[in-house]
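Just so you know, the sequences run in chain order A and B.
Counting in this note's numbering, the first sequence runs from 4 upward without gaps.
Counting in this note's numbering, the second sequence runs from 11 upward without gaps.
No residue lacks a Cβ here, since even glycine has one placed at the ideal position from N, Cα and C.
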Amino acid sequence: GENVEQHPSTLSVQEGDSAVIKCTYSDSASNYFPWYKQELGKGPQLIIDIRSNVGEKKDQRIAVTLNKTAKHFSLHITETQPEDSAVYFCAANTGGFKTIFGAGTRLFVKA
Amino acid sequence: EADIYQTPRYLVIGTGKKITLECSQTMGHDKMYWYQQDPGMELHLIHYSYGVNSTEKGDLSSESTVSRIRTEHFPLTLESARPSHTSQYLCASSRTGDYGYTFGSGTRLTVV
Numbered sequence: 004g005e006n007v008e009q010h011p012s013t014l015s016v017q018e019g020d021s022a023v024i025k026c027t028y029s030d031s032a033s034n035y036f037p038w039y040k041q042e043l044g045k046g047p048q049l050i051i052d053i054r055s056n057v058g059e060k061k062d063q064r065i066a067v068t069l070n071k072t073a074k075h076f077s078l079h080i081t082e083t084q085p086e087d088s089a090v091y092f093c094a095a096n097t098g099g100f101k102t103i104f105g106a107g108t109r110l111f112v113k114a
Numbered sequence: 011e012a013d014i015y016q017t018p019r020y021l022v023i024g025t026g027k028k029i030t031l032e033c034s035q036t037m038g039h040d041k042m043y044w045y046q047q048d049p050g051m052e053l054h055l056i057h058y059s060y061g062v063n064s065t066e067k068g069d070l071s072s073e074s075t076v077s078r079i080r081t082e083h084f085p086l087t088l089e090s091a092r093p094s095h096t097s098q099y100l101c102a103s104s105r106t107g108d109y110g111y112t113f114g115s116g117t118r119l120t121v122v
């Protein structure tokens, strides 16, 4: 069935370094790829998204890339700060109802 | 301010009790969802709704039920709570044509 695999499950970086989280999706009909950040005690929050007609999108220190041929998409966070510490979820949507979430990545940014 | 609200934030309840978790949104979103989040943080869809009087079961089997009588309100009910229902429950909403979700802050349920 439809599946989104997310790696790594845990990522620890030094403050100021970059962090990269990778996802792979199975449904070739997927055309919308959001990323969510979940801080402790809160619900996930949409931080950036990309549609299938775009290869890359940036918003300040975060960027997403999409390789439709390989069915890969990635989240890049540059100049990480302690407040970036959270759980990050990737997801894929076919344009209809269903959004498939990855299993999440716990990011720790060490000061 | 447009938002999505879940109450209560925390709930400890005895086995066999009936409970309702509340979810309301002020954004006029037609689609609403309930997710169960396990300790490993994975999100499991348990119910969803396309609009008023529309409800469907999600991927994860759940003993809960939902209703959608008003666009803004999507409560989840457990008729008889069990310890296996202990979890974090997240409500979300989205607008048709816009696939990003807005999540509530969640209800952490503990059944003792």
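Query                                                                                                                                                                           : Result
By the DSSP assignment, the beta strand (DSSP E) with M42 (chain B) in it spans what residues?                                                                                  : K41 to Q47
Alpha carbon to alpha carbon, what distance is there between V57 (chain A) and R80 (chain B)?                                                                                   : 37 Å
Tell me, to the nearest whole angstrom, how far the beta carbon of T83 (chain A) is from that of A22 (chain A); I am working on the premise that it is less than 8 Å.           : 5 Å
Shortest alpha-carbon distance to P93 (chain B) belongs to which of B:Y15, B:T25 and B:Y20?                                                                                     : B:T25
Specify, as a first and last residue, the run of the beta strand (DSSP E) that V112 (chain A) falls within.                                                                     : T108 to K113
For Q48 (chain A) and D48 (chain B), what's the separation of their Cα atoms in angstroms?                                                                                      : 18 Å
Pick helix, strand or coil for D87 (chain A), following the three-state DSSP scheme.                                                                                            : helix
Enumerate in chain order the residues of its own chain whose CB-to-CB distance from N6 (chain A) is below 6 Å, with the five nearest sequence positions on each side excluded.  : S29
Verify the contact flag: R105 (chain B), CB atom, against every heavy atom of the ligand HEM, threshold strictly below 7 Å.                                                     : As for the ligand HEM, it is missing from this structure, which has no ligand bound.
Does the stretch 26 to 43 of chain B come close enough to the stretch 32 to 40 of chain A to have 3 or more Cβ pairs within less than 8 Å?                                      : no
Where do the ends of the beta strand (DSSP E) carrying L70 (chain B) lie?                                                                                                       : From DSSP, L70 (chain B) is part of no beta strand (DSSP E); its letter is neither H nor E.
Y109 (chain B): which of B:E66, B:T36 and B:K41 sits nearest, CA to CA?                                                                                                         : B:K41
From the DSSP output, in three-state form, read off I18 (chain B) for me.                                                                                                       : Residue identity check: residue 18 (chain B) is Pro in the sequence provided, not Ile. Coil at P18 (chain B), not helix or strand.
Would you tell me roughly how many angstroms separate the C-alpha atoms of S72 (chain B) and G19 (chain A), rounded to the nearest one?                                         : 43 Å
For I61 (chain A), count neighbouring C-beta atoms within 10 Å of its own C-beta (all shown protein chains included) and say buried if the count is 16 or more, exposed if not. : First, the amino acid is wrong: residue 61 (chain A) is Lys here, not Ile. It is exposed - the Cβ of K61 (chain A) has fewer than 16 other Cβ atoms within 10 Å.
Let me see if you follow: with CB-CB separation under 8 Å, is F104 (chain A) close to chain B or not?                                                                           : yes
By Cβ distance below 8 Å, which residues in the same chain neighbour Q41 (chain A) in space, the five residues on each side in sequence not counted?                            : P47, Q48, A89, V90, Y91, F92 and G107
Apart from the five residues on each side of it in sequence, which residues of its chain come closer than 6 Å, Cβ to Cβ, to T68 (chain A)?                                      : E59 and S77
Anything in chain A within Cβ reach of M37 (chain B), meaning under 8 Å, just list it in chain order.                                                                           : Correct list: empty, because the minimum Cβ distance to chain A is about 13 Å.
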